[in-house]
Each structure stands twice: as C-alpha cells, then as structure tokens.
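Below: the structure, in structure tokens.
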Amino acid sequence: MGGFHILDLIVVVAIALLIVGPKAVQSLSHKAGKGVGQAKNMKDKIMSELPIDDISEISNTVSKFPTSPQQAVQKLLLPKQESKKPEAKNEGSPSSSTPVE
C-alpha cells in the first residue's frame with residue numbers, strides 16, 4: 043500500500059506515449075537520466091569535501107547526552123562508572139616482570 047508497482051509504471055508510460063509521443067518521452071527520459079547523474083556527482087563532491095573526522099567526533103559527543111529521563115538520572119548518579127572500567131581491567135592483569143615458577 044504505497045509506492046509504485048511495475049504495473050503502475052507501465053500504465054504511466056503507456057499514457058505518456060499516447061499523449062506526447064515516443065520522441066518526447068525519449069527526450070524527457072534522457073534529460074531525467076542526465077539530471078540524476080548530475081545529482082549523484084554533486085553528492086559525491088559534497089561527501090568528499092565533508093570533514094568526516096569532525097563529524098564523527100561530534101556524533102560521539104552527542105551520543106553521550108542522555109535521551110531519556112532514566113538515562114539522565116543514571117548519568118547523574120553513576121558518573122564515575124565509565125572511568126572505572128578501564129582501571130579494573132589493568133589491575134587484574136599479571137605483570138610480566140615477575141617470573142613464574
């Protein structure tokens with residue numbers, strides 16, 4: 043329920059052929075194809091100029107903001123929990139300077 047199906051497309055093309063003729067439909071489709079190609083080229087040019095590193099840094103910062111009241115309360119009550127996780131990993135690792143007998 044929504045969108046075009048192949049049968050709908052066939053009916054639209056048949057009506058267009060009857061109204062304006064095959065030469066006009068060919069010309070319109072050629073112009074539409076060139077327009078789509080130009081739009082893709084513009085998109086590629088814009089994407090190549092975007093500072094991806096800055097955008098990823100901003101998205102990482104934004105993801106740290108709480109999006110629900112529950113997350114905000116959890117962030118306020120447990121702010122140091124994230125920084126304690128890496129320390130716990132280092133404490134449990136055996137040191138390489140002591141020999142094992």
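Mapping of the sequence shown onto our numbering: position 3 corresponds to residue 45, and the numbering continues sequentially without gaps. Each residue gets a CB set at the ideal place from its N, CA and C atoms; glycine is no exception. Predicted, not measured: the structure shown is a model, and the values here were computed from it.
Short check: CB of A56 to CB of V67, under 8 Å?
-> Position 14 of the sequence shown, counted from the first residue, corresponds to residue 56. Position 25 of the sequence shown, counted from the first residue, corresponds to residue 67. At least 8 Å separates the beta-carbon of A56 from that of V67.
Mind reading off the beta-carbon distance from P111 to K117? Whole number of angstroms is fine, and I expect it under 8 Å.
-> As a first step, residue 111 is located in the sequence shown; it is residue number 69 there, counting from the start. As a first step, residue 117 is located in the sequence shown; it is residue number 75 there, counting from the start. So it is not a contact: roughly 11 Å between Cβ atoms.
DSSP on K117, reduced to helix/strand/coil?
-> By 1-based counting over the sequence shown, the position of residue 117 is 75. Here K117 sits in helix by DSSP.
Can you give me the start and stop residues for the alpha helix (DSSP H) that P64 sits inside?
-> For the purposes of this step, residue 64 is identified with residue 22 of the sequence shown, where counting begins at 1. First-last of the alpha helix (DSSP H) with P64: P64 to E91.
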